[in-house]
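>
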Amino acid sequence: MTFHALVPAAGFGARMGQELPKQYLPLAGQPMIFHALSTLCACPQIETVFVVLSPEDTQFKSYDLSRYGDKLQPLYCGGATRAESVTNGLVAAELESDDWVLVHDAARPCLTQAHLFKLIEELRNDDIGGLLAVPLADTLKRADGEGRVLRTESREQLWQAQTPQMFRAGLLVRALQQCKDVTDDASAIEALGLHPKLVACDTTNFKVTYPQDLLLAELLLNQAGK
Ligand code: C5P
45 MTFHALVPAA GFGARMGQEL PKQYLPLAGQ PMIFHALSTL CACPQIETVF
95 VVLSPEDTQF KSYDLSRYGD KLQPLYCGGA TRAESVTNGL VAAELESDDW
145 VLVHDAARPC LTQAHLFKLI EELRNDDIGG LLAVPLADTL KRADGEGRVL
195 RTESREQLWQ AQTPQMFRAG LLVRALQQCK DVTDDASAIE ALGLHPKLVA
245 CDTTNFKVTY PQDLLLAELL LNQAGK
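Everything in the sequence shown is counted per our numbering, starting at 45 for the first residue and increasing by one.
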């Protein structure tokens with residue numbers, strides 16, 4: 045069984061309101077993207093870590109990447125959306141159809157070896173694959189057009205999808221080519237009528253989206269000694 049990781053990192057992170065793309069914002073002493081890349085590269089089961097960058101990206105190769113050796117493979121083929129970046133990366137990586145690929149967002153820097161171990165162990169013999177996720181904790185409100193509560197939605201059996209999302213490379217590329225309008229990989233697999241497995245994770249693997257998320261990520265990374 046072969047496992048690879050693929051990190052889409054060709055976005056700009058408009059919601060952060062910064063000029064520097066989100067993945068390069070300083071976080072606990074290094075650009076955000078290197079936290080996830082270091083964790084993925086240190087995972088012994090993972091053979092290669094592909095990082096999908098924008099063709100115009102000049103930032104990535106300005107950093108010292110020597111500590112990662114050949115395990116880290118940059119691919120300058122990012123697209124207009126996350127789904128397009130993942131598809132382009134999977135095609136460029138030329139993986140075997142049966143290889144497992146763990147797609148992980150550059151914007152989830154607090155991923156740990158324990159998260160990776162759990163995901164791989166729970167899915168390695170699965171027919172479809174799946175994703176890390178957390179059961180929803182907050183009460184959900186649906187808004188009307190004026191910012192007032194229209195109604196409260198049930199949160200029963202609702203989960204928040206995280207990454208990595210782990211699927212066979214052949215299945216994932218086929219799913220994403222057929223279903224381009226998705227915000228995660230599992231949605232494309234679901235559109236084929238398949239049911240990815242939810243692997244229970246915790247909220248420390250959150251996505252840095254807004255400026256205040258940087259502070260929380262920094263606290264967690266410092267506590268983990270990174
Ligand atoms: O913007 P958001 O946080 O949803 O992006 C999730 C991940 O997808 C980020 O790592 C981002 O760099 C990546 N992405 C990409 N290509 C795009 C848009 C987003 O690789 N065109």
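Where is the CB? At the ideal position from N, CA and C, for every residue including glycine. Because the structure is a prediction, the values reported are computed rather than measured.
With 16 other CB atoms within 10 Å as the buried threshold, where does Thr92 fall?
When all chains shown are included, Thr92 counts as buried.
> Going by beta carbon distance, what residues of the same chain come within less than 7 Å of Leu264, once the five residues before and after it are set aside?
Cys154, Thr248.
> Which class does Ala86 belong to by DSSP, given the choice of helix, strand or coil?
Ala86: coil per DSSP, three-state reduction.
> Along the chain, which unbroken stretches of the alpha helix (DSSP H) at least 4 residues long are found entirely within the stretch 45 to 131?
DSSP runs (the alpha helix (DSSP H)) wholly in the stretch 45 to 131: 77 to 85.
> Going by alpha carbons, who is nearest to Pro208 out of Cys121, Gly173, Thr46?
Closest option to Pro208, Cα to Cα, is Gly173.
> Does the stretch 175 to 194 come within contact of the stretch 238 to 245, defined as at least 3 CB pairs closer than 8 Å?
Counting Cβ pairs under 8 Å, three or more are found: they touch.
> Between the beta-carbon of Phe250 and the beta-carbon of Asp229, is there less than 8 Å?
No, the Cβ-Cβ distance between Phe250 and Asp229 is not below 8 Å.
> One question on the structure: do Arg168 and Met76 come within less than 8 Å of each other, judged by their Cβ atoms?
The answer is no: Cβ separation not under 8 Å.
> Sort Phe104, Val130, Pro88 by Cα distance to Ala227 and report the nearest one.
First, the amino acid is wrong: residue 227 is Thr here, not Ala. When each option's Cα is compared against that of Thr227, the closest is Val130.
> Hey, would you say the C-beta of Gly73 is under 7 Å away from at least one heavy atom of ligand 1?
Gly73: no, Cβ never under 7 Å from ligand 1.
> According to the Cβ coordinates, are Val95 and Leu81 closer than 8 Å?
Yes.
> Between the stretch 52 to 70 and the stretch 125 to 141, do at least 3 Cβ pairs fall closer than 8 Å?
They touch, by the three-pair rule.
> Under a Cβ-count criterion, where at least 16 other Cβ atoms within 10 Å of its own Cβ denotes burial, should Ala158 be classed as buried or exposed?
It is exposed - the Cβ of Ala158 has fewer than 16 other Cβ atoms within 10 Å.
> Taking 7 Å as the cut-off, does the CB of Gln67 come closer than this to any heavy atom belonging to ligand 1?
The answer is yes for Gln67.
> Note the first and the last residue of the continuous alpha helix (DSSP H) segment covering Gln221.
Taken as a continuous stretch (DSSP letters only), the alpha helix (DSSP H) holding Gln221 covers 213 to 222.
> Cα-Cα, which of Ala72, Phe47, Met60, Lys66 is closest to Ala261?
Minimum Cα distance to Ala261 is reached at Ala72.
> Mind checking which residues open and close the alpha helix (DSSP H) that includes Ala232?
Per DSSP, Ala232 belongs to the alpha helix (DSSP H) from 229 to 235.
> Buried or exposed: where does Val147 fall if 16 or more other Cβ atoms within 10 Å of its Cβ makes it buried?
Classification of Val147: buried, given that the 10 Å Cβ count is 16 or more.
> Can you check which of these residues, Leu259, Pro65, Glu166, Leu238, is closest to Leu215 by C-alpha distance?
The option with the nearest alpha carbon to Leu215 is Leu238.
> Below 7 Å, is the gap between the Cβ of Thr131 and the nearest heavy atom of ligand 1?
Thr131 Cβ: outside cutoff for every heavy atom of ligand 1.
> Looking at the strands, I want to know which residues DSSP matches up with Glu200.
In the DSSP output, where bridge partners are listed per residue, Glu200 has none listed.
> The alpha helix (DSSP H) that contains Leu238, what's its start and end?
Unbroken run through Leu238: none, as it is neither H nor E.
> Comparing alpha-carbon positions, which option in Asp170, Asp142, Ala137, Leu119 lies nearest Phe104?
Measuring from the Cα of Phe104, the nearest candidate turns out to be Leu119.
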